[in-house]
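Asks:
Protein chains: 2
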Amino acid sequence: MTTTPTTTPPDEEFLRLDRQICFSLNAASRAFGGVYRTLLKDLGLTYPQYLVMLVLWEDGELPVKRLGERLRLDSGTLSPLLKRLEAAGLVQRERSARDERSVNVRPTDAGTELRTRAALVPRRIAAATGFDLAEIEDLRARLDRLTSALDGAALDA
Amino acid sequence: MTTTPTTTPPDEEFLRLDRQICFSLNAASRAFGGVYRTLLKDLGLTYPQYLVMLVLWEDGELPVKRLGERLRLDSGTLSPLLKRLEAAGLVQRERSARDERSVNVRPTDAGTELRTRAALVPRRIAAATGFDLAEIEDLRARLDRLTSALDGAALDA
DNA sequence: CGCAATTCAGTTGTGCGCAATTGAATGACG
DNA sequence: CGTCATTCAATTGCGCACAACTGAATTGCG
């Protein structure tokens with residue numbers, strides 16, 4: 001087949017499933033979910049709950065608002081999630097004294113102790129990917145750039 | 001700081017949120033979701049529904065099982081999703097005559113017509129990423145490789 | 001043929017993820 | 001000081017995603 005300049009690759013060509021990055025991205029995200037699910041089962045955490053604990057281990061204590069900013073999640077997701085973590089005895093929530101609209105979240109002792117057990121997770125995840133650290137870092141950088149671009153583009157809606 | 005061979009980077013170092021590829025991946029996936037949400041609103045489709053239609057546009061008709069294999073989704077996700085697509089008049093479901101356990105799904109005329117309107121979506125998505133086609137293709141290949149590795153690693157659970 | 005294992009779609013229950021709304025608390029402004 | 005807009009967390013409603021289960025249909029095997 002020679003090139004057909006009058007009918008360059010039509011839009012429909014790009015509708016093929018195997019051409020959609022979003023699909024590959026979505027599939028990779030869910031594949032990660034599966035691996036995390038098995039790894040985190042011992043800790044009694046889901047993957048999003050694990051992300052919340054990561055932030056709390058770093059920051060110690062912070063309002064729900066900041067937590068949402070760091071994780072790109074809103075209160076509709078975080079409120080019930082934090083209640084479950086509180087019910088599990090891993091975090092504590094309390095209204096800020098300075099600003100009673102705000103709720104501060106911090107890990108309990110049990111939540112803090114969980115960190116040492118969680119410390120093994122990243123290495124096992126990295127091993128499951130089959131990528132070396134440089135590859136992972138490169139991919140992460142590309143994905144962050146992608147997210148920034150997409151978030152920027154979403155503003156034009 | 002010189003190299004400290006006795007205490008190489010501890011596991012805890014990798015617990016930092018900004019070190020987790022999974023988080024970048026998850027964030028990128030949801031950022032895509034946001035862009036698709038606005039783009040697909042005109043078509044009356046959600047993003048997963050759009051993926052289903054992509055497969056149906058390619059294959060014309062196929063059983064739920066095959067649909068799930070191509071999209072990496074199970075019946076728990078697809079059954080209600082397909083019901084909604086059927087209620088919207090975009091697909092038709094019917095029991096296979098050869099094997100009554102199987103249900104074949106195919107686009108209705110309205111579903112097929114939607115394809116021409118959807119043809120504009122991929123280009124607009126590509127534009128939103130700010131990546132050129134080669135970059136997208138490269139990223140897609142890496143992600144697919146990642147998914148394969150993760151799916152393979154999940155089997156050891 | 002007859003029975004057991006397998007293969008299907010569908011259902012149920014739990015947990016995100018997000019839009020939209022609610023209602024309390026705060027801050028700005030006259 | 002009062003009013004009004006803003007800023008919070010929480011709630012509601014809907015749609016995935018996945019595990020576990022159900023029940024019908026089919027296949028395999030003796």
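Here the protein sequences come in this chain order: A and B. Under full-length UniProt numbering, the letters of the first sequence match residues 1 to 157, in that order. Under full-length UniProt numbering, the letters of the second sequence match residues 1 to 157, in that order. Backbone N, C-alpha and C define an ideal beta-carbon position, used for all residues, glycine too.
(1) Can you pull the chain B neighbours of Glu-58 of chain A, defined as C-beta to C-beta under 7 Å?
(2) Rounding to the nearest angstrom, what Cα-Cα distance links residue 165 of chain B and Gly-60 of chain B in this structure?
(3) If you scan the region 52 to 128 of chain A from start to end, which runs of the beta strand (DSSP E) of 3 or more residues do you find wholly inside it?
(4) My understanding is that Val-91 of chain A touches Thr-108 of chain A, with C-beta atoms under 8 Å, so please give their C-beta distance in whole angstroms.
(5) Pull up the CB-CB distance for Thr-143 of chain A and Ala-28 of chain B, whole angstroms please, since I reckon it's below 8 Å.
(6) Taking 8 Å as the threshold, find out whether the region 62 to 82 of chain B comes into contact with the region 132 to 140 of chain B through three or more Cβ pairs.
(7) I need the straight-line Cα distance from Thr-4 of chain A to Leu-150 of chain B, nearest angstrom please.
(8) For Arg-101 of chain B, does the count of other Cβ atoms within 10 angstroms reach 16, so buried, or fall short, so exposed?
(9) Pick from A:Leu-139, A:Arg-72, A:Arg-98 and A:Asn-104: whose alpha carbon is nearest that of Ala-31 of chain B?
(10) Since Leu-25 of chain A and Gly-111 of chain A are thought to touch, with beta carbons under 8 Å apart, how far apart are those beta carbons, to the nearest angstrom?
(11) Taking Cβ-Cβ distances shorter than 7 Å, what residues in chain A pair up with Val-64 of chain B?
(12) Could you tell me the alpha carbon to alpha carbon distance between Leu-39 of chain A and Asp-18 of chain B, rounded to whole angstroms?
(13) Taking the beta carbon of Thr-116 of chain B as the centre, do at least 16 other beta carbons fall within 10 Å, making it buried, or is it exposed?
(14) Taking 9 Å as the CB-CB limit, is Ala-157 of chain A close to chain B?
(15) Along chain A, in chain order, which residues have C-beta atoms closer than 7 Å to that of Val-35 of chain B?
(16) Is there a C-beta anywhere in chain B that falls below 9 Å from the one on Thr-4 of chain A?
(17) Verify whether the separation of the beta carbon atoms of Leu-139 of chain A and Leu-15 of chain B is less than 9 Å.
(18) For Val-127 of chain B, count neighbouring C-beta atoms within 10 Å of its own C-beta (all shown protein chains included) and say buried if the count is 16 or more, exposed if not.
(19) Nearest to Arg-70 of chain B by CA position, among A:Phe-23, A:Leu-45 and A:Asp-74, is which residue?
(20) From the DSSP output, in three-state form, read off Asp-18 of chain B for me.
(21) Rounding to the nearest angstrom, what Cα-Cα distance links Leu-81 of chain B and Ala-97 of chain A in this structure?
(22) If you measure from the beta carbon of Arg-140 of chain A to each beta carbon in chain B, is any gap under 9 Å?
(23) In chain B, which residues lie less than 8 Å from Leu-40 of chain A when you measure between Cβ atoms?
(24) With 9 Å set as the bound, which would you pick, yes or no: does the beta-carbon of Thr-112 of chain A sit closer than that to a beta-carbon of chain B?
(25) Kindly indicate which residue of B:Gln-20, B:Ala-118, B:Ser-148 and B:Asp-74 has the alpha-carbon position closest to the one of Tyr-47 of chain B.
(26) With a threshold of 9 Å between beta-carbons, can Gln-20 of chain B be considered close to chain A, or not?
Replies: This is what the structure gives:
(1) Arg-16 and Leu-17
(2) Any property of residue 165 of chain B remains undetermined from this structure, which presents chain B solely from 1 to 157.
(3) 91 to 95 and 103 to 107
(4) 6 Å
(5) For clarity, residue 143 of chain A is Leu in the given sequence; the question names Thr instead. About 4 Å; that satisfies the 8 Å criterion.
(6) no
(7) For Thr-4 of chain A, the predicted structure reports a pLDDT of 49, less than 50, and the residue's modelled location is therefore unreliable. The matter cannot be settled from this model.
(8) exposed
(9) A:Arg-72
(10) About 31 Å; that fails the 8 Å criterion.
(11) Within chain A, no residue comes near Val-64 of chain B; the closest Cβ sits about 16 Å away, beyond 7 Å.
(12) Going from the Cα of Leu-39 of chain A to the Cα of Asp-18 of chain B covers about 20 Å.
(13) exposed
(14) Residue confidence for Ala-157 of chain A is low, a pLDDT of 45 falling below 50, so the modelled location carries little weight; the figure read from the coordinates is stated next. For Ala-157 of chain A, the answer is yes, since a Cβ of chain B falls inside 9 Å of its Cβ.
(15) One finds Leu-150, Ala-153 and Ala-154 in chain A with Cβ atoms closer than 7 Å to the Cβ of Val-35 of chain B, taken in chain order.
(16) Confidence at Thr-4 of chain A is low in this model, with a pLDDT of 49, below 50, so the placement of that residue should be treated as unreliable; the coordinate-derived value is given next. Cβ-Cβ to chain B under 9 Å: no for Thr-4 of chain A.
(17) no
(18) The amino acid occupying residue 127 of chain B in the given sequence is Ala; Val does not appear at that position. Using a 10 angstroms sphere on the CB of Ala-127 of chain B, the tally of other CB atoms stays under 16, which defines it as exposed.
(19) A:Phe-23
(20) Correct three-state label for Asp-18 of chain B: helix.
(21) 46 Å
(22) yes
(23) Those within 8 Å of Leu-40 of chain A in chain B number zero; the least Cβ separation is about 11 Å.
(24) no
(25) Nearest option by C-alpha distance: B:Ala-118.
(26) Answer yes: the Cβ-Cβ gap between Gln-20 of chain B and chain A drops below 9 Å somewhere.
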